[in-house]
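Here is the structure we will look at, set down as structure tokens.
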Ligand code: UDP
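Residue numbers (my numbering): 356 to 752.
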């Protein structure tokens with residue numbers, strides 16, 4: 356079992372002053388009841404964020420809960436279509452979709468008595484909950500998606516729900532929309548003590564890789580992501596195939612399927628056709644394997660074509676990996692191109708950077724060091740906690 360950590364444990368990473376600041380900001384909020392609600396307990400970044408965030412908030416004296424919206428597969432099929440459209444995909448906005456969405460959320464509202472001092476709703480799945488309560492306290496909508504260019508049909512449908520909230524949190528300024536309510540911008544961050552991120556011995560890394568039969572005779576090129584088209588796994592395979600004509604390496608695509616993402620299994624199956632001795636595709640739910648791969652990889656890819664933030668990028672950077680990320684949304688915020696990793700906009704660019712990094716261990720080392728420092732300064736979740744405290748503290752009592 357992972358130990359439960361308090362803010363003092365993070366001092367070694369963030370320093371005394373940051374620890375003091377977080378405690379000071381938490382003090383006036385002690386004993387408040389805060390509720391987070393999203394749509395899955397595992398799989399995907401939001402569940403990772405909430406797992407760490409809710410524990411640390413409690414250790415700071417803020418009574419923080421976490422609930423999950425429940426629904427049948429039909430509901431998650433509709434909400435995944437909304438998710439895709441919010442990231443710019445096409446959608447056929449039918450009355451049936453709206454009916455499924457709104458009625459399942461209504462049922463959840465009946466079962467969930469949200470009488471908290473602050474309610475924080477994550478992503479579109481539980482968004483309309485707010486319409487079912489007589490509110491006495493602030494409600495915040497925290498959207499983790501890449502809102503660079505949302506489909507107008509779905510956006511216009513959701514705006515009346517969004518505008519009932521007291522504030523909206525988005526991951527970067529580029530996602531700002533025309534809304535009547537205040538928009539706040541901050542990214543999530545990673546927990547250095549989580550299973551995915553905590554220190555691992557070389558033996559433990561070997562053991563995990565061996566357990567899953569991952570060959571280590573050639574340098575590893577790795578992408579770890581939910582099986583989702585936005586993560587561009589096909590593009591990763593094409594880039595790898597191109598790079599491999601110049602440098603020997605093995606590609607490992609590891610992913611999981613979140614309970615709120617019904618398309619994952621199909622994306623996974625479509626990738627299986629590419630498997631061979633040097634292209635390993637695995638669907639597993641094992642944070643320690645993610646950790647081991649990010650540590651052992653020569654190159655980590657996150658070649659997304661849309662990405663709200665992309666925790667996997669900071670996770671790999673934290674481990675000193677050389678990361679190649681898609682030049683989009685949240686990844687652009689994390690990687691400084693050419694310094695703490697590479698940003699790419701095409702398969703050819705990705706292939707070229709893979710080859711360059713495989714040939715140049717010094718470059719990998721320099722980028723990895725800069726990457727770890729960048730995450731330490733900007734993308735540890737203690738900073739996210741502090742921003743939540745600032746926001747909660749900003750509401751009138
Ligand atoms: N993850 C995991 N196992 C996998 C794939 C992903 O534990 O096989 C974790 C990953 O380490 C990260 C999260 O799931 O913490 C994915 O978050 P991210 O923000 O990168 O993407 P999302 O899935 O939310 O779009």
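Glycine residues also receive a C-beta, built at the ideal position from the N, C-alpha and C atoms.
| Check | Outcome |
| --- | --- |
| Identified DSSP bridge partners for residue 638 | 610 |
| Segment limits, beta strand (DSSP E) that includes residue 476 | 473-477 |
| Terminal residues of the alpha helix (DSSP H) in which residue 408 lies | 400-414 |
| Residue(s) in a DSSP beta bridge with residue 497 | 477, 524 |
| Residue 631 burial status per 10 Å Cβ neighbour count (16 or more: buried) | exposed |
| Residue 494 to residue 559 span [Cα, whole Å] | 43 Å |
| Residue 489 (DSSP reduced to helix, strand or coil) | coil |
| Expected contact under 8 Å - CB spacing of residue 696 and residue 679 to nearest Å | 7 Å |
| Run of the beta strand (DSSP E) containing residue 420, from where it starts to where it stops | 418-423 |
| For residue 722, the three-state DSSP class (helix, strand or coil) | helix |
| Distance cut-off 6 Å: residue 577 Cβ against heavy atoms of the ligand UDP | no |
| For residue 649, three-class secondary structure by DSSP | helix |
| Nearest to residue 462 (by Cα), restricted to the options 488, 729, 363, 360 | 488 |
| One or two residues paired with residue 506 in a DSSP bridge | Answer is none; residue 506 lacks a bridge partner. |
| Residue 405 beta carbon near the ligand UDP (any heavy atom closer than 6 Å) | no |
| Opposing strand residues paired with residue 681 [DSSP bridges] | 699 |
| For residue 660, three-class secondary structure by DSSP | coil |
| Alpha-carbon to alpha-carbon, residue 596 and residue 605 | 10 Å |
| Closest residue to residue 608 among 566, 741, 637, 453 (Cα-Cα distance) | 637 |
| Burial state of residue 449, where buried means 16 or more other Cβ atoms lie within 10 Å | exposed |
| Cβ pair residue 659, residue 586 closer than 7 Å | yes |
| Residue burial classification, residue 435 (beta-carbon count within 10 angstroms, cutoff 16) | buried |
| Check: residue 581 C-beta below 6 Å from any heavy atom of the ligand UDP | yes |
| For residue 648, the nearest candidate out of 619, 725, 600, 565 (CA to CA) | 565 |
| Entirely enclosed alpha helix (DSSP H) segments - the region 546-575, minimum 4 residues | 557-566 |
| Bounding residues of the beta strand (DSSP E) (the contiguous stretch that carries residue 540) | 538-540 |
| Closest Cα partner of residue 735 within the set 689, 707, 718, 480 | 689 |
| Minimum C-alpha distance to residue 392 - residue among 568, 485, 457, 373 | 485 |
| C-alpha distance - residue 749 paired with residue 537, whole-angstrom precision | 12 Å |
| Pick from 415, 496, 646, 406 that is closest to residue 386, judged by C-alpha positions | 415 |
| Heavy atom of the ligand UDP within 6 Å of residue 611 beta-carbon | yes |
| Distance, residue 459 Cα to residue 547 Cα | 36 Å |
| Anticipated Cβ contact below 8 Å, residue 581 with residue 616, distance rounded | 6 Å |
| Residue 399 burial status per 10 Å Cβ neighbour count (16 or more: buried) | buried |
| Residue 551 Cβ short of 6 Å to the ligand UDP heavy atom set | yes |
| Three-state secondary structure (DSSP) of residue 361 | coil |
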